Amino acid sequence: MGKLISKNKVLLIMLVPALIYVIVFSYIPMAGIVLAFKNYRYADGIFGSPWVGLDNFKFLFVSNKVWQLTRNTLLYNIAFIIFGMIFEVGFAIILSELNNKVFKKFAQGFMFLPYFISWVVVSTIMLNIFGDNGVLNSILLSAGGEKYSIYSNTALWPIIMVCVRLWKQTGYGTVIYLAAIAGISQDLYEAASIDGANVWQKIRYITLPSLKPTVMIMTLLALGNIFRGDFGMFYQLVGSNQLLLKSSDILDTYIYRLLLTTPDVGMTAAAGLYQSLLCFVTIITANWIVKKIAPDYTLF
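In this text, residue positions in the sequence shown follow my numbering: the first is 161, and each later residue adds one.
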């Protein structure tokens with residue numbers, strides 16, 4: 161062990177800042193879990209407040225609200241994972257097959273740009289385009305039509321959410337899969353060309369199988385947060401629009417509003433713990449299934 165540490169001491173030193181970050185921001189705050197089982201009083205503090213057992217959880221599960229929120233969060237994330245993987249892998253393969261390097265670099269930058277745009281800016285852009293006084297309605301009115309606002313159409317928002325998510329995140333995922341494609345040995349493609357394989361056959365029999373480990377790892381990482389929604393996205397795009405909350409409200413935004421509208425920190429902590437436990441069980445189960453099917457692609 162001593163020789164191993166001495167041999168890799170530089171790498172271990174580089175690991176220290178990340179380790180400190182995880183301990184300070186991930187493990188130490190876990191002590192706050194006790195709030196879910198307490199009637200928190202500011203004067204008594206976290207550990208001095210009285211225990212209430214599972215009373216905070218009873219409040220959550222009395223109504224069907226939590227089940228609806230859980231369903232929304234799960235379905236949205238499943239859609240994000242499936243469509244995200246399809247678009248990211250698809251665009252990565254398309255870009256990798258382009259021979260024009262200038263256009264390829266431009267396309268990569270153009271696709272990656274939305275990832276850096278804040279959700280606040282995205283919501284403002286959407287409001288200015290699709291709002292009651294937006295560009296779309298101005299065009300409709302000038303053409304003799306009637307106003308149409310997507311902010312009053314509940315059924316349309318699941319599709320909007322998925323599309324906006326794909327627009328913003330596809331570029332980032334594409335870069336990851338492009339890096340994986342760049343790591344595929346060119347000898348495989350050259351051998352396939354000699355054997356008479358066309359572009360589609362190379363993609364089917366070389367590129368896609370070679371991307372399988374990356375796809376599995378990215379999917380497992382995404383499953384770890386399948387019950388955690390993108391708070392910035394949902395809160396900024398939907399806000400407190402009561403018409404849209406039925407189809408676009410998720411656990412994260414509900415917990416945030418609960419903390420704002422009620423002084424009971426214990427109920428909010430209980431909702432957060434419920435969400436974390438769902439994520440934990442999901443990633444453990446998914447990793448166990450992958451370990452049985454393809455042990456080489458597991459996270460741990």
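Even for Gly, the Cβ is constructed at its ideal location relative to N, Cα and C. It should be emphasised that the depicted structure is a prediction, and the values quoted were computed from it without experimental measurement.
DSSP places K169 within a helical segment (H, G or I) once states are collapsed to three. If you draw a 10 Å sphere on the C-beta of S353, you find fewer than 16 other C-beta atoms in it, and that means exposed.
Judged by pairs of C-beta atoms under 8 angstroms, the stretch 274 to 288 touches the stretch 320 to 332, as three or more such pairs exist.
In the three-state reduction of the DSSP assignment, R201 falls in the strand class, which pools E and B.
For T233, the CB contacts under 6 angstroms within the same chain, skipping 5 residues up- and downstream, are F387, G389, I410 and L411 in chain order. The alpha-carbon separation between F207 and V282 amounts to approximately 41 angstroms.
Per the coordinates, the alpha-carbon of I443 lies some 27 angstroms from the alpha-carbon of R417.
It is roughly 30 angstroms from the alpha-carbon of V226 to the alpha-carbon of L459.
From the listed residues G213, Y414, L175 and I336, the smallest Cα separation to K372 is found for I336. By the Cβ rule, the stretch 344 to 353 does not count as touching the stretch 429 to 442, because fewer than three pairs are nearer than 8 angstroms. Every candidate beta strand (DSSP E) stretch fails here, since none sits fully inside the stretch 373 to 459 while reaching 3 residues.
Distance from the CA of I246 to the CA of I341, rounded to the nearest whole angstrom, comes to 15 angstroms. When the five nearest sequence neighbours on each side are left out, the beta carbons in the same chain lying within less than 8 angstroms of the beta carbon of T367 are those of I253, S256, I341 and I344, in order along the chain.
Less than 9 angstroms divides the Cβ of N199 from the Cβ of G426. A straight-line Cα-Cα distance of about 30 angstroms links L383 and I285. Boundaries for E306: no alpha helix (DSSP H) harbours it, and the DSSP string shows neither H nor E there. For M286, the uninterrupted alpha helix (DSSP H) segment begins and ends at W279 to F290. One Cα belongs to V322, the other to D204, and the distance between them is close to 44 angstroms. When C-beta atoms of the stretch 312 to 328 are compared with those of the stretch 393 to 400, three or more pairs fall below 8 angstroms, so the two segments count as touching.
The Cβ atoms of L214 and F197 lie closer than 9 angstroms to each other. In this chain, the alpha helix (DSSP H) harbouring T230 covers K225 to E257. In this chain, the alpha helix (DSSP H) harbouring W360 covers V359 to K362.
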